[in-house]
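Single-structure report; data block below.
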Amino acid sequence: MLEVNCDTSSLKEELLQELRGISVTLDESIHALKNENECVLGTFDQIRTKFSRLETVAASFYLQCYLSPYTGKYLDLSKAVQHLAKRRQGALIVVEREDPLDLLLQAGIPIEATMSHSLLESIFYPGSPLHDGAVLIRENHIVSAANVLPLSQVVVGEKKLGTRHRAALGLSEKSDALIVVVSEETGKASFAMQGHLYPIISPS
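Counted the way UniProt numbering counts, the sequence shown spans residues 1 to 204.
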């Protein structure tokens, strides 16, 4: 399990409020179910909406925890990932932390631009000459795009991982980098750290 050590009191409080709201709704549904004259079918959409909102808040919370010591642009990154996942646009984003990554990557195309969510999204737009491969972020800058990462040989569950996920895991096995991956097939977003994948956004 990853250690979380950050002061994000406002996001943490929002996360707690979302969890409490779900707990209240579930309790109300349980009590309603005991009453033969009440139907709980109408509450399922409400619960689903609350869980979707909770997932978004949690993604922002944990990305901020793990990224804030290394980039001041973590909110741009979080926004880009949410937009890419919603549109099911595949993406692979590497955030350099303590370990230097130059010797672990097959270098791509230099960018050397200040990171923004719009620039990240444009790089991974389908048909863009840079959308294949990984973007490398160092502090507040996009260093390069179309980088090639080492592939992991690890099998996760019964499903075979796609190339992006294997690349994210592969680099996380060799460094302390945080690697965000968005699946174009499912719209799910995950991040890899320390050889493990953690889901952050599922399609609504």
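Note that the Cβ used here is the ideal one computed from N, Cα and C, for glycine as well.
What separation, rounded to the nearest whole angstrom, lies between the Cα atoms of residue i and residue j?
i: residue 196; j: residue 93; result: 16 Å
i: residue 78; j: residue 39; result: 38 Å
i: residue 152; j: residue 165; result: 9 Å
i: residue 194; j: residue 174; result: 8 Å
i: residue 66; j: residue 58; result: 12 Å
i: residue 101; j: residue 21; result: 42 Å
i: residue 143; j: residue 115; result: 9 Å
i: residue 85; j: residue 188; result: 6 Å
i: residue 160; j: residue 186; result: 14 Å
i: residue 43; j: residue 29; result: 7 Å
i: residue 106; j: residue 54; result: 37 Å
i: residue 37; j: residue 27; result: 17 Å
i: residue 127; j: residue 35; result: 56 Å
Just reading off the beta strand (DSSP E) that residue i is part of, what are its end residues?
i: residue 97; result: Residue 97 -> no beta strand (DSSP E), and no H or E assigned at all.
i: residue 190; result: 189–193
i: residue 239; result: Nothing about residue 239 can be read from this structure; the chain reaches only from 1 to 204.
i: residue 182; result: 178–182
i: residue 126; result: Per DSSP, residue 126 belongs to no beta strand (DSSP E) and is neither H nor E.
i: residue 107; result: Counting along the chain, residue 107 falls outside any beta strand (DSSP E), and DSSP gives it neither H nor E.
i: residue 154; result: Looking at the DSSP string, residue 154 is not in any beta strand (DSSP E), and its letter there is neither H nor E.
i: residue 40; result: It is not in any beta strand (DSSP E) - residue 40 carries neither H nor E in the DSSP assignment.
Who are the Cβ neighbours of residue i in its own chain at under 6 Å, not counting the five residues just before and after it?
i: residue 98; result: 176
i: residue 133; result: 108, 146, 147 and 148
i: residue 192; result: 168, 169, 172 and 179
i: residue 72; result: 140
i: residue 181; result: 92, 164, 165, 168 and 190
Please report the residue range of the alpha helix (DSSP H) in which residue i lies.
i: residue 121; result: 117–123
i: residue 144; result: Premise fails: residue 144 lies in the beta strand (DSSP E), 141–147, not in any alpha helix (DSSP H).
i: residue 75; result: 74–87
Only counting the same chain, and skipping five residues up and downstream in sequence, which positions put a Cβ closer than 7 Å to that of residue i?
i: residue 80; result: 117, 120 and 121
i: residue 31; result: none
i: residue 46; result: 25
i: residue 123; result: 130, 131, 135 and 145
i: residue 104; result: 150, 171, 174 and 175
With a 10 Å radius around its C-beta and 16 neighbouring C-beta atoms as the bar for buried, classify residue i as buried or exposed.
i: residue 33; result: exposed
i: residue 125; result: exposed
i: residue 41; result: exposed
i: residue 23; result: exposed
i: residue 112; result: exposed
Which residues in the same chain as residue i place their Cβ atom closer than 8 Å to its Cβ, once the five residues preceding and following it in sequence are excluded?
i: residue 163; result: 151
i: residue 50; result: 18, 21, 22 and 25
i: residue 48; result: none
Taking the alpha carbon of residue i as the reference point, which residue from the options has its own alpha carbon closest?
i: residue 82; options: 113, 52 and 35; result: 52
i: residue 184; options: 29, 89, 64 and 37; result: 89
i: residue 137; options: 76, 131 and 96; result: 96
i: residue 199; options: 106, 63 and 127; result: 63
If you measure from the CB of residue i, is any heavy atom of the ligand ADP nearer than 8 Å?
i: residue 117; result: In the structure on display, the ligand ADP does not appear, and there are no ligands present to speak of.
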